[in-house]
Each structure stands twice: as structure tokens, then as C-alpha cells.
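**Student:**
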Amino acid sequence: MKYPSFEQYAEALQAPEIVFIDPELKKGSVETTGLGLPLALCGGFALTYTITSGEKKYAVRCFHKPSNALEKRYSAISSRLKSLKSSYFVDFKFQPTGIRVGGNVFPIVKMIWTTGTTLGEYLELNYRNATVLQNLVQSFRTLAKYLEGQKMAHGDIQPGNVMVADDGRKVQLIDYDGIYVEELYTLGSAELGHRNFQHPGRTHVTWSASLDRFSFIAIDLALRVLIVHPEFWNKTQSDGDSILFKANDFADPAQSSIFSLLLNKPLFVDDAKNFSTICRSAFDKTPTLEDFLARRNIPQASIRISSSTHTAPVRYLAAFPVLDATNYDSCFLHIGDKIELIGQIVEVKQGTTKQGKTYVFINFGHWQGNIVKINIWPKRLNAMTNKPDQSWVGQWITVIGLMEPPRYISRRKDIFHLSITLEKNNQFRLITEKEAKFRLAGSATRGSGIITKSRSHELQTYATLSAVATPTSRNQKVLQLMNAIPSVTIMNNKTVLQTMHAGKPAPVKNSHGTTSHQNNRKTTSSSFIGNRKLLLQLIFWIIAVSLISVIFYMQGRGL
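Residues in the sequence shown are numbered consecutively from 2, following the working numbering.
1) Between the alpha carbons of Lys505 and Val347, how many angstroms are there, rounded?
2) Taking 8 Å as the cut-off, does the region 335-350 touch the region 392-400 (at least 3 CB pairs, one atom from each stretch)?
3) Taking DSSP as the reference, what is the three-state secondary structure of Phe269?
4) Among Ala131, Lys339, Glu18, Arg408, which one has its Cα closest to the Cα of Gly161?
5) So, Ala248 versus Val102, is the Cβ gap smaller than 7 Å?
6) Quick test of your reading: Leu38 and Ala60, contact by CB under 8 Å. State the CB separation rounded to the nearest angstrom.
7) Beta-carbon within less than 7 Å of Glu72's beta-carbon, same chain only, minus the 5 sequence neighbours each way: which residues are those?
8) Measure the C-alpha to C-alpha separation of Gln356 and Gly35 and round it to an integer number of angstroms.
9) Is the beta carbon of Lys94 closer than 7 Å to that of Lys66?
10) Assuming Glu149 and Thr289 form a contact by the criterion Cβ under 8 Å, report the distance between their Cβ atoms to the nearest whole angstrom.
11) Among the residues of its own chain, which have a CB less than 7 Å from the CB of Asp157, if the five just before and after it don't count?
12) By alpha-carbon positions, which one of Gly366, Phe417, Leu423 ends up nearest to Asn383?
13) From what residue to what residue does the alpha helix (DSSP H) around Gln9 run?
14) For the beta strand (DSSP E) containing Ala60, list its first residue and its last residue.
15) Which residue marks the beginning of the alpha helix (DSSP H) containing Glu25, and which one marks its end?
16) Between the Cα of Ser561 and those of Thr51, Lys57, Ala47, spot the shortest distance and give me the residue it belongs to.
17) Is the region 166-173 close to the region 254-261, with three or more CB pairs under 8 Å?
18) Hey, out of Pro17, Trp368, Ser261, Arg430, whose CA is closest to Arg408's CA?
19) How about Leu245 and Ile228: do their beta carbons lie closer than 7 Å?
20) Tell me the rounded alpha-carbon separation between Ser6 and Gly117.
21) Contact between the region 233-242 and the region 424-437: three or more CB pairs below 8 Å?
22) Output needed for Asn532: all residues of its chain with C-beta closer than 6 Å, excluding positions within five of it in sequence on either side, in chain order.
23) Which runs of the alpha helix (DSSP H) fall wholly inside the region 288-368 and span at least 4 residues, in chain order?
24) Between which two residues does the beta strand (DSSP E) carrying Phe95 extend?
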């Protein structure tokens, strides 16, 4: 099944009352970006949107990438979690017919919005707080033992998927795409997890209740080290996507700076040796966290780790695709993907919204060209202690986030901007030029983006549409109405005007939209002709959009 694209969801979710099937979500409002477009958060196979309905708040996951046996997985996971009634998991509902996009219906996951802070954000603020770290150590050990006892695994234990509350005494897991339960054994793995918290030998063949063991060991050891040596946080350039260790350390402990540091600390030397042998052994040899702490069932291997903390540079093993911020075309291929963007800052542009609130764009090229940039909208900017200014120009930065669709900047020059929206402080880090070039030079990731001709057409259509859709509420209302019509391809103003002058109905382009998972059929112009009522509706709305476009054009020219 082909799911809707990022761009199609961005269009559809501007009208929740039309596209959602769920009565509660129909009445909800979607959290938006500074441009007024639905704000999407990262999440593997799905894009997560925040919906507020009355006094309740939901995380709604809309799938945009294929996943093996999605409905069967979520059915089994939902059934198992309901039977457990555990506070470690958030109440959710998998809705096979949850959202209508382009006339077709697709599944969603409706999840209660969790309270607390992600582990990554929490550690950024508390890595020097020994009491909180000790609470976290105990919480993770209890969680690990619980999952082992239930013969299940989350599949992606990492800072972005763990919510922390009550000074570290309470943790909850989110993002259930990769959960292992015995009922799903025959399906195989759906994902590989965050690379900075996974065994280097994990593959898609790896699929059992032991999936989380390595992650729990890595996190437990890192937290215990931080209790004694909080200075290691900055020394290892830890952030929301890594806690002391990174994928490079697991792949080659002998050349790892953090393993070298731990070998020089008597309190952690045995743990460092044992963990390094686990990294270099087969995945299925990984002991439980309980066994690791008791020093039982540690695989036997001989590894010599350099005692020097100045090890030779190795290839950067990235958790996400690493992109050069000056390479617009490469970034274009990864729209809808969570990526690591690296570049030298060219401009820091400050502006104000209609409400007088300040926002900032960090540009990796001159704004009058096709560039990639970082959006920092008022809410996030106000929360930042170190706000971007002109002193940032010339510095190098790495930012991890969702590559958003192109934004149409200039009608006259066909200028498009790609962007990542900063939602959390731990998404970015200023780095040295040397570090930037090291990461860009030979990064190895687990996937790459491929763009097709039809995909390119979809993206360009969305970029043009976003320029028209954002400025006024009247435009957005037109979009809402058109979203109710199955598989309508929006035409450019020039074509519409030519059609009006010719005095005949506008031709309907073949849709490059999605395929229904119910009937798996393609929508073409002939299907419209076969339905007279639908054709009349289509003509009516094309004329309506044309008239509105002409009015806006005349207003813009002062006519």
C-alpha cells in the first residue's frame, strides 16, 4: 500500500473536521508551525501531529512509509498492551480507517499525549544531578526486568522514545512501531532502532524478546558514569541522540575515546571491558542487564583498547542520513525523513509575525536562492537561552530533525526554501569545522532516499500550493473544501486562466495521489468522466479557485 506523502498530510490536516473519521479528532485543532501549516514530528514510519480536542490532547501518528503487516502488528500490540495494563505504556487506539486523504482512507494511531519530558531533553538539563540520575538508573533496571519477564521488547529504547517524570522515578515508553511480542514472531523486525543505542550486529533478521538488552546496558552504564563524572557529557559531545556512547564506539571499542576514558577509571574498568566484548560479539550473546551487572554470561573475547583518549579518526557512523546543508538537491531527496543536517551558517535572519512575535531563520545560503535553512519559531525562540544572532554567521552547526517540504518564497524568480523546524534545544549543536568535515566526509547510514519523477511532481505542486495556502484564511478554506473532493490535482493559475479565456471546462490532470489500501485502484481522469455528478463538482471548484486567484492577483497589483 502506498501511503500519503508528507506534503499530502500537510494539506489534508488543515481541515481536521473533514479528513478525520474519529468524532473527537474532527472537533480538534492541529498544532501548527509559524507558517500556519500542521506541525509534524519525527517518528519512523509515521509523522506525528499534536491534536487538541476540548480538554484532551492527542498524539496522532499518520503513516507515510510502508511497514510490513502494519495492521496485524498494531492489532497484536494493542491486544497485548491492553492485557498488561502497565503504566510503562500509553493508552492508544489503532484506527484502520482513521483519516481520509485524496478520497482514500488510511490508518492512524490515536495516542493520549504523555506528560513529562523526553529522556534526551531531561538529561540535557539534569546530567549533573546525581540524585535524578540514580532514580533513572533504578527506573530503567525495573523496566528492563519487567520487559524480560513479559517476554517482549520495545525494539527502540532511546532518549526520544522514553518520557521521564517525577524526578526520574517514572518512565514511559512511546512509539510502538517496532514492539516485539510472541504473536508477531513470524513477521520479522519492522525497524533497526536508533543506531547510537543498538548493537552493531543487529539486522532485520534479529527479532526476539532480547532486542532491548543492549540498549539497557548502554544506558545503565552511561548513567552510572555520569553520576561520578558529569564532565564526560561535554567531553563526549553527548546530546539528545547520544549518551556518552555513539555507534562508532560500539563498532570499534578499541579505537573509542569513551572506552579509553573508562579503562582509566578503576570504578568502571570491568564494566568497560565487559561491554566492549559484548559489542564485538554476536548479537544473540548479549546478556540481560541483570546478568551484566552481576557479571554473568558475559561473552568471551579478547579486545585490546588503547589507553590513550586520542584515538585515530574513523568513519562517522550516523544514526540518520547526513546531509550537506549547501546541497539543496540532496536535501530535496530526503523530504519527510529525519536527517542530520550539517553546514556553515551564512545568514541569521530575524523577523516578526503578524502578532509581533519574533522568529529566526538560520540560512545556509543567501535567502534569494534555493537554499536549506533552520526555522526557529517564536515559542521555541523564547525558550532558548542562547539565541542565534549575527555572531553565529560563519560557525558550523549540526541539527537533527525532519526535512520539511519546499516553501515557495518568490513567484517572480521561482525560489524555494527547504527547512528543518527547531522544536527542542537538543536538536542542534555548534561544532568545529574539523568535526563538520569529518561527519560529512564519509558518513555511513542505514538508508538513503530515492526520488521518482512523480514524487518530484508532488513536491513541486506542494511547494506552489503552500505559497497560496498560507497567507489568508480564505485560501485555507478553499483548500479545506477541495480536500473533500477525491483525488483533485490542483492546477497552476496560468492553466486555469487560459481555460477560463477559452470558455471551456479545465482539463483534469491524472492524479499522482495515493492508492487506497481497501481497493488498491488508480484514480485517473477517466474515472471523473464516468461520474457526471463528481465532474460537475470538480468544474465548480476549479472555477471558484480561479476566480479567487484572479481577485488576489488584482489586489496584489493594486487594481
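For glycine and all other residues, C-beta sits at the position ideal for the given N, C-alpha and C.
Given the structure is predicted, the values throughout are model-derived calculations rather than measurements.
**Tutor:** Result, derived from the coordinates:
1) Only weak support exists for where Lys505 lies, its pLDDT of 38 falling under 50; the coordinates are left without a value.
2) Taking 8 Å as the limit for Cβ pairs, the verdict is that the region 335-350 does touch the region 392-400.
3) coil
4) With distances taken between Cα atoms, Gly161 lies closest to Lys339.
5) Not a contact, by the Cβ cut-off of 7 Å.
6) Incorrect: roughly 18 Å between the Cβ atoms, too far for contact.
7) Pro97, Pro108
8) Taking the CA atoms as reference points, Gln356 sits about 11 Å from Gly35.
9) no
10) 6 Å
11) Asp176, Gly179, Glu192, Gly194, His195
12) Leu423
13) 7-13
14) DSSP places Ala60 in the uninterrupted beta strand (DSSP E) bounded by 57-64.
15) 24-27
16) Within the shown structure, residues of the chain are numbered from 2 to 560, placing residue 561 beyond reach of any answer.
17) no
18) Trp368
19) no
20) 30 Å
21) yes
22) Residue placement at Asn532 is flagged as unreliable, the pLDDT there being 45, under the threshold of 50; the coordinate-derived value follows with that caveat. No residues qualify anywhere along the chain.
23) 290-295, 329-333
24) 93-102
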